[in-house]
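Student: In my numbering, each residue's number is its place in the sequence shown (first place is 1) plus 21.
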Amino acid sequence: MTTFALIGAGPGLGLAAARRFGTAGHTVALIARSTERLDGLAAELARDGIKARGFAADVLDPASLTAALYAAADTLGPVEILQYSPVPRGDFMKPVLDTAATDLDDPLAFSVKGPVTAVNAALPGMRNLGRGTVLFVNGGSAVRPHPERAGTSIAFAAGSAYAAMLHDALAGENIHVAQLIVPGAIRPDSEHSSPAALAERLYALHAERGAFRHYSQPMPT
22 MTTFALIGAG PGLGLAAARR FGTAGHTVAL IARSTERLDG LAAELARDGI
72 KARGFAADVL DPASLTAALY AAADTLGPVE ILQYSPVPRG DFMKPVLDTA
122 ATDLDDPLAF SVKGPVTAVN AALPGMRNLG RGTVLFVNGG SAVRPHPERA
172 GTSIAFAAGS AYAAMLHDAL AGENIHVAQL IVPGAIRPDS EHSSPAALAE
222 RLYALHAERG AFRHYSQPMP T
């Protein structure tokens, strides 16, 4: 049995994705900062018959993130699918003219160093399996910069460049890298951007293994 490792486990998209991949037969490693939240999510998944366990880590702390992914593989089985979808902090989204160089430290650590750390930890296991999937979820500012949200616009663009390069570099190893862009808010009542709809879309990206970038719905004009 292989593991679906979710970085950014929460009660919305995270729980829905964990449930979708768990229902497909994968064990689930939930990774987030709050142990209490992780325990609650794991218990909810257990009620659905899904084997899940939480591993506390902060994506801004590479050592803790690496340790969490290693522990997940040791405890639950090799990581076949890695999803990177933590929610950015509100203070990442300052207007561009109010953004100092130091304001970009955490956004870049969040959107670039975090993914690099996670992929480097999970990739050896995927190579041993001979297959794998890495899924990135980003907002619309990853492809269309927003002057009122400078930190995420800059950092998401950098993270997207890394993910696109991974897609090309790993394609020959049967390791698929894909990015799902979600314009606007994730809402339970949205036809295309509800947690359940997005989880289904992410599973399809894993199963169908097509192009790199996908959109949950068209970008607004």
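Where is the CB? At the ideal position from N, CA and C, for every residue including glycine. Everything numeric in this text was worked out from a predicted model, so none of it was measured.
Just mark SER132 as buried or exposed, buried being the case when its beta carbon has 16 or more other beta carbons within 10 Å.
Tutor: Residue numbering aside, residue 132 sits at position 111 when the sequence shown is read from its first letter. By the neighbour-count rule (16 or more Cβ atoms within 10 Å), SER132 is buried.
Student: Tell me whether ALA217 sits in a helix, a strand or coil according to DSSP, three-state version.
Tutor: Taking the sequence shown and counting its residues from 1, one reaches residue 217 at position 196. In the displayed model, ALA217 falls within a helix according to three-state DSSP.
Student: So is GLU101 buried or exposed if we call it buried at 16+ other beta carbons inside 10 Å?
Tutor: By 1-based counting over the sequence shown, the position of residue 101 is 80. So GLU101 counts as buried.
Student: Looking only at DSSP bridge pairs, what is ILE28 linked to?
Tutor: Sequence index remark: in the sequence shown, residue 28 carries index 7 (1-based). Paired residue(s): ILE52 and TYR105.
Student: What residues in its chain sit with their C-beta under 8 Å from that of SER106, if we drop five residues either side in the sequence?
Tutor: Start at 1 with the first residue of the sequence shown, and residue 106 comes out as number 85. For SER106, where only same-chain residues beyond five positions count, the Cβ hits under 8 Å are LEU27, ILE28, GLY29, LEU34, GLY35, ALA38, LEU156, PHE157 and VAL158.
Student: The beta strand (DSSP E) that contains ASN159, what's its start and end?
Tutor: As a working mapping, residue 159 is identified with position 138 in the sequence shown. Per DSSP, ASN159 belongs to the beta strand (DSSP E) from 153-160.
Student: Thinking GLY172 and THR120 are a contact (beta carbons under 8 Å), I'd like their distance in whole angstroms, please.
Tutor: Counted from its first residue, the sequence shown places residue 172 at position 151. Counted from its first residue, the sequence shown places residue 120 at position 99. 6 Å between Cβ atoms; contact.
Student: Do you know how far the Cα of THR96 is from the Cα of GLY146?
Tutor: Taking the sequence shown and counting its residues from 1, the one referred to as residue 146 is at position 125. Taking the sequence shown and counting its residues from 1, the one referred to as residue 96 is at position 75. Roughly 13 Å between the two C-alpha positions.
Student: With a CB to CB cut of under 6 Å and the five nearest residues on each side skipped, what residues in its chain are close to THR16?
Tutor: The first residue shown for the chain is 22 and the last is 242, placing residue 16 beyond what the model contains.
Student: DSSP three-state call for HIS47: helix, strand or coil?
Tutor: As a position in the sequence shown, residue 47 is number 26, starting the count at 1. The answer is coil: DSSP assigns HIS47 none of H, G, I, E or B.
Student: Which residues bound the beta strand (DSSP E) around HIS197?
Tutor: Taking the sequence shown and counting its residues from 1, one reaches residue 197 at position 176. 196-203 is the span of the beta strand (DSSP E), which, as asked, contains HIS197.
Student: Could you give the DSSP three-state label for ALA73: helix, strand or coil?
Tutor: For the purposes of this step, residue 73 is taken as the residue at position 52 of the sequence shown. The answer is strand: DSSP assigns ALA73 an E or B state.
Student: Which residue's Cα is closest to the Cα of VAL108: SER211, HIS197, ALA176 and GLY231?
Tutor: In the sequence shown, residue 108 corresponds to position 87, counting from 1. Nearest of SER211, HIS197, ALA176 and GLY231 to VAL108, Cα basis: ALA176.
Student: Can you tell me the Cβ-Cβ gap for THR48 and THR24, rounded? I've got them flagged as a contact below 8 Å.
Tutor: Counting from 1 along the sequence shown, the entry for residue 48 is found at position 27. Counting from 1 along the sequence shown, the entry for residue 24 is found at position 3. Contact holds; Cβ gap of about 5 Å.
Student: Could you check which residue in ARG40, LEU90 and ALA89 has the C-alpha nearest to that of ALA67?
Tutor: Start at 1 with the first residue of the sequence shown, and residue 67 comes out as number 46. Here the closest residue by C-alpha is ARG40.
Student: Looking only at C-alpha atoms, which of ALA50, PRO136 and ALA192 sits nearest to ALA232?
Tutor: The count along the sequence shown starts at 1 and reaches residue 232 at position 211. Nearest option by C-alpha distance: ALA192.
Student: Using the Cα positions of ASP124 and PHE113, report the straight-line distance between them to the nearest angstrom.
Tutor: Working through the sequence shown from its first residue, we reach residue 124 at position 103. Working through the sequence shown from its first residue, we reach residue 113 at position 92. Each residue's Cα considered, the two are about 7 Å apart.
Student: Please go through the same chain and pick out, in chain order, the residues whose beta-carbon is closer than 8 Å to the beta-carbon of HIS235, but skip the five residues on each side of it.
Tutor: If you number the sequence shown from 1, residue 235 lands on position 214. ALA199, GLN200, LEU201, ILE202, ARG222 and LEU226.
Student: Per the DSSP calculation, TYR236 is bridged to which residue(s)?
Tutor: By 1-based counting over the sequence shown, the position of residue 236 is 215. DSSP output for TYR236 lists ILE202 as bridge partner(s).
Student: Cα-Cα, which of PRO32, TYR224 and GLY135 is closest to GLY46?
Tutor: Counting from one through the sequence shown, the residue named residue 46 turns up at place 25. With distances taken between Cα atoms, GLY46 lies closest to TYR224.
Student: Count Cβ pairs between the stretch 77-90 and the stretch 137-151 that sit closer than 8 Å; are there 3 or more?
Tutor: Contact between the stretch 77-90 and the stretch 137-151 is present: three or more C-beta pairs spanning the two stretches fall below 8 Å.
Student: Within a Cβ cutoff of 7 Å, which residues of the same chain sit near ALA63, ignoring the five residues on either side of it in sequence?
Tutor: Start at 1 with the first residue of the sequence shown, and residue 63 comes out as number 42. Hits under 7 Å: LEU51, ALA73, ARG74 and GLY75.
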